[in-house]
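So the structure is just underneath, and the comments pick up after that.
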């Protein structure tokens, strides 16, 4: 399998770690921490963007505060020859935020958000009614889900070959 | 989130979390202080959980994402909260949530390769109170919904 892994150094890692924690961290704070100039940090940040390592910066929002009260994942078992067709059908549903072919017990994994349980249930029934779907297993996400962007391992990239 | 200005602030910062408050103030025809106050209120209320940089996982050496669905053994010593706390500090685990339905906990982790996937599976299996794990691998570079789920 082709490795797209790119080489980065300590300064790059410092930029990424700081921005993973808080994307609004000032360049001057990262510069101070890295003991280099602010210009160096800005140049490195732009280079990380140019190399495609950083795609963008974004807010992390609580979906429940934006009207999506219910989050769930569906494990969907479909006729193997219809995986693509069912994924295309799922992607047309506005409540579905993510769908992928999965290699596991079931062959499609989907994450959906809905305004309430009723809406989520309607979505499940709609998926179940697709003639190529054999089974839909639902897991409703409860409480606040935890996120940790800092858990990506970046250090091994320092030894990687370009 | 209640005001139209809150919605605008969230919209601009979701597209570019580093956009300056001054720039947002100019676009929305408000003062920079007003934008800062609204932003701070959104943080305090929990509407905004934070901000982060979105990275291309393939470019930093990952070949995919795995979803681990976990069943736990319930007892006084073992709670789903304790297990969640252990899971979310494990390297490569980026999302963890309690679930109701088929399983008790769902975890998303980024994986380097099959060996790494197996290693994460074993590490999760060693946590006290884990009864069963079923998992799925998603291949390729998947974009979930960065504003909610990081990737």
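Residue numbers (the numbering used here), protein chains in the order written: chain A, 1 to 162; chain S, 1 to 151. Beta carbons are placed, not taken as given, at the ideal position from N, Cα and C, and that holds for glycine. Predicted, not measured: the structure shown is a model, and the values here were computed from it.
In three-state DSSP terms, what is residue i?
i	result
residue 44 (chain S)	helix
residue 102 (chain S)	coil
residue 68 (chain S)	strand
residue 135 (chain A)	strand
residue 120 (chain A)	helix
residue 82 (chain A)	helix
residue 103 (chain A)	strand
residue 136 (chain S)	strand
residue 62 (chain A)	coil
residue 33 (chain S)	helix
residue 152 (chain A)	coil
residue 144 (chain A)	strand
residue 130 (chain S)	strand
residue 38 (chain A)	helix
residue 80 (chain S)	helix
residue 74 (chain S)	coil
residue 125 (chain S)	helix
residue 159 (chain S)	Residue 159 (chain S) falls outside the range modelled here, since chain S spans only 1 to 151, and no answer is possible.
residue 49 (chain S)	strand
residue 161 (chain A)	Per-residue confidence for residue 161 (chain A) stands at a pLDDT of 46, beneath the threshold of 50, marking its modelled position as unreliable; the derived number appears in the next sentence. Three-state result, residue 161 (chain A): coil.
Leaving out five residues before and five after residue i in sequence, what residues of the same chain have Cβ atoms less than 6 angstroms from its Cβ?
i	result
residue 97 (chain S)	106
residue 90 (chain A)	96, 99 and 110
residue 109 (chain S)	66, 92, 93 and 120
residue 14 (chain S)	147
residue 87 (chain S)	93, 96 and 107
residue 17 (chain S)	51
residue 157 (chain A)	8
residue 120 (chain A)	70, 72 and 114
Any idea if residue i is buried or exposed, counting beta-carbon neighbours within 10 angstroms, 16 or more meaning buried?
i	result
residue 50 (chain A)	exposed
residue 27 (chain S)	exposed
residue 6 (chain A)	buried
residue 81 (chain A)	exposed
residue 80 (chain S)	buried
residue 64 (chain S)	buried
residue 22 (chain S)	exposed
residue 152 (chain S)	With chain S running from 1 to 151 in the structure shown, residue 152 (chain S) is simply not present.
residue 135 (chain S)	buried
residue 100 (chain S)	exposed
residue 61 (chain S)	buried
residue 4 (chain S)	exposed
Using alpha carbons as the reference points, say which of the options lies closest to residue i.
i	options	result
residue 120 (chain S)	S:60, S:56 and S:89	S:89
residue 40 (chain S)	S:86, S:6 and S:122	S:6
residue 37 (chain S)	S:9, S:111, S:118 and S:143	S:9
residue 63 (chain A)	A:153, A:34, A:144 and A:158	A:144
residue 164 (chain A)	A:45, A:72 and A:127	Nothing about residue 164 (chain A) can be read from this structure; chain A reaches only from 1 to 162.
residue 48 (chain S)	A:39, A:60 and A:42	A:60
residue 163 (chain A)	S:34, S:149 and S:19	The shown model of chain A, from 1 to 162, leaves out residue 163 (chain A), and the question about it has no answer.
residue 83 (chain A)	A:39, A:121, A:17 and A:103	A:103
residue 46 (chain S)	A:41, A:39, A:46 and A:65	A:65
residue 140 (chain A)	A:154, A:74 and A:153	A:74
residue 145 (chain S)	S:138, S:2, S:114 and S:54	S:54
residue 105 (chain A)	S:137, S:4, S:60 and S:3	S:137
residue 71 (chain A)	A:17, A:101, A:52 and A:142	A:142
residue 2 (chain S)	S:129, S:42 and S:11	S:42
residue 71 (chain S)	S:151, S:143, S:11 and S:128	S:128
residue 143 (chain S)	S:118, S:112 and S:56	S:56
Considering only residues of the same chain and omitting the five flanking positions on each side of residue i, which have a CB-CB separation below 7 angstroms?
i	result
residue 125 (chain S)	133
residue 78 (chain A)	86, 107, 108, 132, 133 and 134
residue 36 (chain A)	11
residue 84 (chain S)	96, 98 and 105
residue 57 (chain A)	19 and 23
residue 54 (chain A)	48
residue 14 (chain A)	30, 33 and 34
residue 77 (chain S)	none
residue 115 (chain A)	67, 68 and 69
residue 24 (chain S)	9, 12 and 35
Any C-beta of chain C sitting closer than 9 angstroms to the C-beta of residue i?
i	result
residue 136 (chain S)	Note that chain C does not occur in the displayed structure, where the protein chains are A and S.
Could you name the residues of the same chain whose beta carbon sits closer than 8 angstroms to that of residue i, not counting the 5 residues immediately before and after it, in chain order?
i	result
residue 146 (chain A)	none
residue 161 (chain A)	At residue 161 (chain A), the pLDDT of 46 sits below 50, so the modelled position is not reliable and the matter cannot be decided from this model.
residue 164 (chain A)	Nothing can be reported for residue 164 (chain A), as the shown portion of chain A is limited to 1 through 162.
residue 17 (chain A)	150 and 154
Which residues, in chain order, does the segment 70-83 of chain A contribute to contact with chain S at a C-beta distance below 9 angstroms? Within the segment 70-83 of chain A, contact with chain S at the beta-carbon level (separation under 9 angstroms) is assigned to 71, 72, 73 and 75.
Identify each residue in the segment 93-111 of chain S for which the Cβ-Cβ distance to at least one residue of chain A is less than 7 angstroms, and report them in chain order. Result list: 93, 94, 95, 96, 97, 98, 99, 100, 101, 102, 103, 106 and 110.
Which residues, in chain order, does the segment 128-159 of chain A contribute to contact with chain S at a C-beta distance below 8 angstroms? Listed by position along the chain: 137, 138, 139, 140, 141, 142, 143, 145, 146, 147, 148, 149, 151, 152, 153, 154, 156 and 157.
Identify each residue in the segment 42-61 of chain S for which the Cβ-Cβ distance to at least one residue of chain A is less than 7 angstroms, and report them in chain order. Residues of the segment 42-61 of chain S with a C-beta atom less than 7 angstroms from some C-beta of chain A are 46, 47, 48, 49, 50, 51, 52, 53, 54, 55, 56, 58, 59, 60 and 61, listed in chain order.
At a CB distance below 7 angstroms, what residues from the segment 82-98 of chain A approach chain S? Give them in sequence order. Listed by position along the chain: 97 and 98.
Chain A contacts from the segment 3-35 of chain S (Cβ-Cβ distance under 7 angstroms): Only 10, 13, 14, 16, 17 and 18 from the segment 3-35 of chain S bring a Cβ to less than 7 angstroms from some Cβ of chain A.
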